[in-house]
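Notes follow once the structure below has been shown.
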Amino acid sequence: MQALIERELRLAMKRENIDELPLYPEQRQCARPTTEQILRLFSLAERHRLIDDAHTVQVFDVPLTELQRPLLGLLGVPEDAFLPPD
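For the sequence shown, position 7 (counting from the first letter as 1) is numbered 7 according to the UniProt record's numbering, and the numbering increases by one without interruption.
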C-alpha cells in the first residue's frame, strides 16, 4: 500500500511539473516523498465532537494547511473527504 501511495504522488508531481515538496522538517524540500512523510503531514488533522445526550452539539475541525490541500489534490483525494458527513 505504501508503494502505491508513493507512486501516485510521484507520478502526479511529474505530471504537474513539481520537482520538490516541502515535506521534510522545517519545510525543507523533498524530491522523493515517502508515505511516512505524507502520513506525518496529516497526523494532526483531527476532528472533535461535542456531544450532549448522544446528540452532536458542535464539531471542531482542524483546518487543512496550505500544503495539505494541494497534496490531497495530487493524490486524487477530494478535500470534502475530511468534512463531517451530513
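In this text, a Cβ means the ideal position worked out from N, Cα and C, and glycines have one as well.
Best match in the options for proximity to residue i [C-alpha to C-alpha]
{"i": "Tyr24", "options": "Thr34, Ile18, Arg15, Glu16", "result": "Thr34"}
{"i": "Arg15", "options": "Ala54, Leu41, Phe82, Leu75", "result": "Leu75"}
{"i": "Ala31", "options": "Thr56, Leu4, Asp19, Glu8", "result": "Asp19"}
{"i": "Leu4", "options": "Ile38, Arg28, Pro22, Asn17", "result": "Ile38"}
Residues that residue i bridges to, as DSSP identifies them
{"i": "Leu21", "result": "Cys30"}
{"i": "Leu50", "result": "Gln58"}
For residue i, three-class secondary structure by DSSP
{"i": "Asp61", "result": "strand"}
{"i": "Ala45", "result": "coil"}
{"i": "Glu16", "result": "coil"}
- Query: With contact counted as at least three CB pairs below 8 Å, one residue from each stretch, are the segment 35-49 and the segment 58-70 in contact?
  - Reply: yes
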